[in-house]
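Only one structure is covered here, and it is reproduced in the block below.
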Amino acid sequence: MNDLITLQAEDLTSVPVTDSMGNMTYKHESLADLSLYDDHCQIGKAPLEAHVPYVQHDVEFSEPRPLPGFSALFNKATGQPLPTRPVPDTYKLVPHNELFAIQNVSILDSDLPVGDLEVIDRLYDGGLRAHRTVMFHGLDGRVANIRDRVVARMDIFNSVDQSWSFQVFSGAYRDLCRNTLVFGGQKAYHQKRKHTSGLSPEALVGKATMGLEFWQDNKDQMDLWQRSPMTKDAFAAVLADTICKKNTEAAKAGQGNPVNEKLMSYLLHRYIEDQRELGDTMWTAFNALTHWSTHVSDIWIGDDGKERKTSTKGSRKHMVQRQRETMVRDLVSSDIWTDFELGRGAA
12 MNDLITLQAE DLTSVPVTDS MGNMTYKHES LADLSLYDDH CQIGKAPLEA HVPYVQHDVE
72 FSEPRPLPGF SALFNKATGQ PLPTRPVPDT YKLVPHNELF AIQNVSILDS DLPVGDLEVI
132 DRLYDGGLRA HRTVMFHGLD GRVANIRDRV VARMDIFNSV DQSWSFQVFS GAYRDLCRNT
192 LVFGGQKAYH QKRKHTSGLS PEALVGKATM GLEFWQDNKD QMDLWQRSPM TKDAFAAVLA
252 DTICKKNTEA AKAGQGNPVN EKLMSYLLHR YIEDQRELGD TMWTAFNALT HWSTHVSDIW
312 IGDDGKERKT STKGSRKHMV QRQRETMVRD LVSSDIWTDF ELGRGAA
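Take 12 as the starting number for the sequence shown in the working numbering and just add one per residue.
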């Protein structure tokens, strides 16, 4: 299903419509309206049993035995199991209705204009896959040339059967395709992740929302950072001279490590995660920084394969956020950051 997703007037209806393939589309104007998913597709896991055959007194029987490590999927809305392969315990199930409820909170907590929205909900293949588009008619922009105006939007693709990676787009664009090979416009944010235990829909949806907020207020700045190169090594050099620079007396005397390695490793990890979709740019570096400043209790896997956290036990979230936001603000207003904006940095 890598076809081009466009928004055409004849395709949109004010009530849920089912096509000949059983796929459903519902156009409405409320973020809070999750009725398509609540009424038709609430996905959960169910334990599996294997019927193991055995013979006793020349008679063949079968005995149900638990199948550890795997689960079946069932639709709570219909009470029926889904006709799909079992999912392993390592698979992170993200039900559609819960995912889009997370998106609602992120958008409503933002400064985005929500007074004039157009929402298109879609369910494919009996609910195995879903796609929600939110159009912000109070926020538009220009693409390609000054006469080509488009409405800002956010698209999320999700599956419950391992067939799609979780994918989120935000920006000013007219059309896109699910394999990302076609994209008609400007991205504020785009990420694609497999449904593994490390998947954080809250973080990715939050960054997509932040990307739209930043685009709304700082279009020229975002354009500049998207065009300005900054490799991972260059970002590391910037970090070593700013946020990750230790100010201990030992470090100042040249007798200790001058860099906070744990923080450096985490920020480079975040850079690499965004680099896949955003490239070697200052915009990628900025997204890594804002992720760190916003998601203060993030969990990640270090170079040694061990699970690590970005906050300490007992720390107050709002205080940590404020401190980190100040550090990021100081960095992006520093001379070393400005040098990259002006093309003088060692990209």
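C-beta: ideal position from N, C-alpha, C; glycine also.
By the CB criterion at 8 Å, P106 and Q53 fall inside the cutoff. Listed in chain order, the alpha helix (DSSP H) elements of length 4 or more contained wholly in the segment 33-103 are 46-51.
By the 16-neighbour rule on beta-carbons within 10 angstroms, K38 is buried. Per the C-alpha coordinates, the member of Q237, G138, D30 and E74 positioned closest to G354 is Q237.
Around K203, the same chain offers S176 and Q178 as residues with beta carbons nearer than 6 Å, after the five sequence neighbours per side are excluded. The beta carbons of F180 and D166 sit closer together than 8 Å. Taking the C-beta atoms as reference points, D132 is found nearer than 8 Å to L47. For T144, the beta-bridge partners assigned by DSSP are I131 and D166. By the criterion of at least three beta-carbon pairs nearer than 8 Å, the segment 241-249 is not in contact with the segment 135-149.
Of all alpha-carbon atoms in L289, A299 and D100, the one lying nearest the alpha-carbon of L84 is that of D100. For E60, same chain residues with a beta-carbon under 8 Å away, outside a window of 5 residues either side, are P75, R76, P77 and L78 in chain order. Here V171 is buried. Its C-beta has 16 or more other C-beta atoms within 10 Å. Between the alpha carbons of M32 and D231 lies a distance of about 44 Å.
Pairwise C-beta distances place the segment 87-104 out of contact with the segment 113-129, as fewer than three of them are shorter than 8 Å. Setting aside the 5 residues that flank it on each side, T207 is surrounded in the same chain by T101, Y102 and K103, each with a C-beta closer than 8 Å to its C-beta; the list follows chain order. Taking the Cα positions, S41 is about 14 Å away from P27.
Taking a contact as a CB-CB distance under 8 Å, the pair E224 and L119 does not count as one, their CB atoms being some 13 Å apart. Judged by DSSP in its simplified three-state form, P212 adopts helix. The beta carbon of M338 lies closer than 7 Å to those of I254 in the same chain, with the five residues before and after it left out. Within the segment 215-251, the runs of alpha helix (DSSP H) at least 4 residues long that lie entirely inside it are, in chain order, 230-238 and 243-251. Within the same chain, A199 and M233 come within 6 Å of W226 by CB-CB distance, once the 5 residues on both sides are set aside. Our two residues, L210 and V145, have alpha carbons roughly 22 Å apart in a direct line. In the three-state DSSP reduction, V125 falls in the coil class, being neither helix nor strand. A Cβ-Cβ contact shorter than 8 Å links H201 with E288. Residue state for A296 is assigned as helix, using DSSP reduced to three classes. The beta-carbon distance between G149 and Q197, rounded to whole angstroms, is 18 Å. This is too long to meet the 8 Å contact definition.
For the pair N298 and K218, the CB atoms are nearer than the 8 Å cut-off.
Our two residues, M275 and G90, have alpha carbons roughly 48 Å apart in a direct line. If the five residues before and after L45 are omitted, its C-beta is found closer than 7 Å to the C-beta atoms of N108, F111 and A112, all from its own chain and listed in chain order. P58 and K87 have their alpha carbons spaced roughly 14 Å apart. When DSSP states are grouped into helix, strand and coil, L150 belongs to the strand group. DSSP places V343 in the helix class (H, G or I) of the three-state scheme. Take the alpha-carbon of G222 and the one of W294: they are about 10 Å apart. Taken through DSSP and simplified to helix, strand or coil, S276 comes out as helix.
Under DSSP, V270 forms a beta bridge with K256. Of the candidates R333, I347 and L187, R333 places its Cα closest to the Cα of T301.
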